[in-house]
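*Asks:* Chains G and H supply the protein sequences, listed in that same order. For the first sequence, position 26 matches number 26 in the UniProt record's numbering, and the numbering has no gaps at all. For the second sequence, position 225 matches number 225 in the UniProt record's numbering, and the numbering has no gaps at all.
Protein chains: 2
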Amino acid sequence: MLKEERHQIILKEINLHNKVYSTDLSEKLQVSEDTIRRDLNEMSDLGLILKVHGGAMSKTFHYPFNSQNPVYALEAKHVIADKVIGLFKKGMMILVEGGTTIMEIAKKIPADLQATFLTVSPQVALALAEHENIEVISIGGRLAKSANIHTGASVIYEIGNIKPDLCIIGTNGISQEHGLTDSDWEVVQVIKAMIRAAKKVAVVTIAEKFNSVKRIKIADIKDIDYLVTELSPNSPMLAQYNGAEKPVLL
Amino acid sequence: MLKEERHQIILKEINLHNKVYSTDLSEKLQVSEDTIRRDLNEMSDLGLILKVHGGAMSKTFHYPFNSQNPVYALEAKHVIADKVIGLFKKGMMILVEGGTTIMEIAKKIPADLQATFLTVSPQVALALAEHENIEVISIGGRLAKSANIHTGASVIYEIGNIKPDLCIIGTNGISQEHGLTDSDWEVVQVIKAMIRAAKKVAVVTIAEKFNSVKRIKIADIKDIDYLVTELSPNSPMLAQYNGAEKPVLL
DNA sequence: AAAAAACATGCAAATAAACGCAAAAGTTAT
DNA sequence: ATAACTTTTGCGTTTATTTGCATGTTTTTT
């Protein structure tokens, strides 16, 4: 049995049951517990799972958004938030998606910024509502439980009727070759509509997600106006995105 | 059972009931009370919960209730929630407003109920999204910061296009003479639209709010189908609502 | 004030993790 | 194909974590 194969099975098992015991995996996969532990360590280092004493758990069960819980790569997300906030100007109409990075942005918006935010995420809407001078407009629709954002035809339609100055999206997969990708069809439809509608598009992502590719394509790199990461704009890791029709790197 | 698994369950339990007893948890999770105490200590150190003598509470709850007896109001809302849940039937389309009582209802919905909920409150939407079998549809719009619910013409319009089986609203003011009243014009418009749209209207309120009157009228008592309080239906305090065109008292 | 319940602390048994090392398996170069 | 090399794996040992229990203290209730 290949190591990668084991990893796949472990991941599937965790997604299915939310937890796995090292002992169970050892028996099921017919390898020693040491090997399982090593597997779990590697997967944990990649941020795929949450390693705990006795096994591992899913990172995205009950933990992901619940405001008080620790956010993965928080420091990086703060850096990203600061950069993005630099794009905001008074009176702007800004369309934002959901996700932990966007949440950090929403929290860090300066108190004196006057702007209108539109969002498909209830969490982001609530975070934005904390700011006195921000007008918050929720774009309602069927709430997709996986990503906790509103999806469906009505959302696409609503987005089609607005022309925001700026649109900010997170992403699950990003690579020079395949562009932006995600694994949830409903979510992808919404993001595509957002990109179509907005005058400028900013993608926020931690560098860790570079070169990861998901099943469904959202857009090409050239469709992006700003690519915001925690890295310095001239970091070698960003060089690949510096093509002819390059987005501005922040 | 993994330690983190217990932590998740405890957290969920607290979010659901706002408080937990160590003894209950010990029995439910089949570990000693010492272990539960250690769990609660760790979670408390992480700032996830508020440890109290005998168990733990939600952090967000002990706080905002600077007013009188928080336990009383909470207990009352739990009683109300249980009564309202009795009105829910499989396949129903239920329109709900926002507010703390509605939040308690959203949390207590039985796991096996299959129904569609529509709401104008981001908080309620998120609470409902925790339930596997519930379809959640947000009615989006401008987020009114006072009440944290979506308001505005688009909301009214959207509500006009649906015909929910049941509509559940809280209220700020209720009296036999002046009916339901509130002080926020935008919010009132939304609630009026909800009442117009729904086949049946349930009003949930703690008895404390009886005989309070706010500036803007929402509806008459006769427009209500169910009046749900923590009191027994034949409580003398409810006698005043027992007129000719009375709502059903629960 | 006494009794009961909840809490903190130390301890020991059980279990799991980390580490080093050598054998086995897989890769690459000649 | 074989040798040299790297990676992976299992095992023994050591270290760390978790848990229940005994004990004594604090808090709550009566």
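No residue lacks a Cβ here, since even glycine has one placed at the ideal position from N, Cα and C.
For H150/G, report the span of its beta strand (DSSP E) as first-last.
*Replies:* 149-151
*Asks:* Under 8 angstroms, do D184/H and A239/H count as touching if we go by C-beta distance?
*Replies:* no
*Asks:* Going by the CB atoms, is the gap between K214/G and D165/G shorter than 8 angstroms?
*Replies:* no
*Asks:* In chain G, what lies closer than 7 angstroms to I206/H by C-beta?
*Replies:* The contacting residues do not exist; I206/H stays about 24 angstroms from chain G at best.
*Asks:* Just to confirm the assignment, what range does the alpha helix (DSSP H) spanning R37/H have?
*Replies:* 33-45
*Asks:* Exposed or buried, L25/G, counting other C-beta atoms within 10 Å across all chains shown (16 or more means buried)?
*Replies:* buried
*Asks:* Given P233/G, which residues of its chain have a CB within under 7 angstroms of its CB, disregarding the five upstream and five downstream residues?
*Replies:* Closer than 7 angstroms at Cβ, skipping near neighbours: L249, L250.
*Asks:* Give me the DSSP bridge partner(s) of L249/H.
*Replies:* According to the DSSP secondary-structure assignment, L249/H is paired through a beta bridge with L227/H.
*Asks:* Give a yes or no on whether the C-beta atoms belonging to V124/G and A106/G are separated by under 8 angstroms.
*Replies:* yes
*Asks:* CB-CB under 7 angstroms to M8/G, same chain, minus the five flanking residues each way: which ones, in chain order?
*Replies:* Here residue 8/G turns out to be Gln, not Met, going by the sequence shown. The answer is none, since no qualifying residue turns up.
*Asks:* Find the residues of chain G that neighbour H17/H, judging by a C-beta separation of less than 8 angstroms, and give them in chain order.
*Replies:* Residues of chain G passing the Cβ test: none, with the nearest at roughly 16 angstroms.
*Asks:* Could you name the residues of chain G that G141/H contacts, counting a contact when the two beta carbons are closer than 8 angstroms?
*Replies:* The answer, in chain order, is I137, S138, G140.
*Asks:* Closer than 6 angstroms by C-beta to L40/G: which residues in its own chain qualify, once you throw out the five before and the five after it? Chain order, please.
*Replies:* K51, A56
*Asks:* When Cβ atoms are compared, which residues of the region 104-129 of chain H fall closer than 7 angstroms to chain G?
*Replies:* P122, Q123, A125, L126, A129
*Asks:* Rounded C-beta distance between S235/G and S212/G? I'm assuming under 8 angstroms.
*Replies:* Not confirmed; about 18 angstroms, so no contact.
*Asks:* Whose C-beta lies closer than 6 angstroms to the C-beta of V79/G among residues of the same chain, with five residues either side of it excluded?
*Replies:* Here the set comprises E230.
*Asks:* Closest to T171/G by CA distance: which of E177/G, T181/G, K163/G, I162/G is it?
*Replies:* T181/G
*Asks:* Please confirm whether I216/G and P247/G have their CB atoms less than 8 angstroms apart.
*Replies:* no
*Asks:* List the residues of chain H whose Cβ lies closer than 9 angstroms to the Cβ of M92/G, in chain order.
*Replies:* Per Cβ cutoff of 9 angstroms: no residues; M92/G is ~17 angstroms from chain H at best.
*Asks:* Would you say K89/G lies against chain H (beta-carbon separation less than 8 angstroms)?
*Replies:* no
*Asks:* Take every Cβ of the region 89-96 of chain H, pair it with every Cβ of the region 153-168 of chain H, and state whether three or more of those distances are shorter than 8 angstroms.
*Replies:* yes
*Asks:* Quick one: Cα of D225/G to Cα of E177/G, how far?
*Replies:* So the two alpha carbons sit approximately 17 angstroms from each other.
*Asks:* Just the Cα atoms here: how many angstroms apart are V155/G and V190/G?
*Replies:* 7 angstroms
*Asks:* With respect to the beta strand (DSSP E) encompassing S58/H, which residues constitute its N-terminal and C-terminal limits?
*Replies:* 55-58 is the extent of the beta strand (DSSP E) around S58/H.
*Asks:* Note down the Cα distance separating R6/H from E27/H, rounded to an integer number of angstroms.
*Replies:* 12 angstroms
*Asks:* Can you tell me whether DSSP reads E132/G as helix, strand or coil?
*Replies:* coil
*Asks:* Quick one: is L50/H near chain G, going by C-beta distance under 8 angstroms?
*Replies:* It does not: the Cβ of L50/H has no partner Cβ on chain G nearer than 8 angstroms.
*Asks:* Could you tell me the alpha carbon to alpha carbon distance between E13/G and L2/G, rounded to whole angstroms?
*Replies:* E13/G and L2/G have their C-alpha atoms spaced approximately 17 angstroms apart.
*Asks:* State yes or no: is the beta carbon of residue 251/H nearer than 8 angstroms to at least one beta carbon in chain G?
*Replies:* There is no way to answer for residue 251/H, as the model of chain H reaches only from 1 to 250.
*Asks:* Between which two residues does the alpha helix (DSSP H) holding A198/H run?
*Replies:* Neither: A198/H is in no alpha helix (DSSP H) and is coded neither H nor E.
*Asks:* Chain G partners of K163/H, CB-CB under 9 angstroms?
*Replies:* In chain G, no part has a C-beta under 9 angstroms from the C-beta of K163/H; the shortest such distance is about 17 angstroms.
*Asks:* If I measure Cβ to Cβ from K108/H and keep anything under 8 angstroms in the same chain, skipping five residues before and after, which residues do I get?
*Replies:* L16, H78, A81, D82, I85
*Asks:* Starting from L180/G, follow its DSSP beta bridges and name the residues at the other end.
*Replies:* I174/G, A219/G
*Asks:* For R142/G and S138/H, what's the separation of their Cα atoms in angstroms?
*Replies:* 6 angstroms
*Asks:* Please list the partners that K59/G has in chain H, where partner means a Cβ-to-Cβ separation under 8 angstroms.
*Replies:* Those within 8 angstroms of K59/G in chain H number zero; the least Cβ separation is about 11 angstroms.
*Asks:* Within this structure, are the beta carbons of L128/H and T116/H separated by less than 8 angstroms?
*Replies:* Going by C-beta atoms, L128/H is not nearer than 8 angstroms to T116/H.
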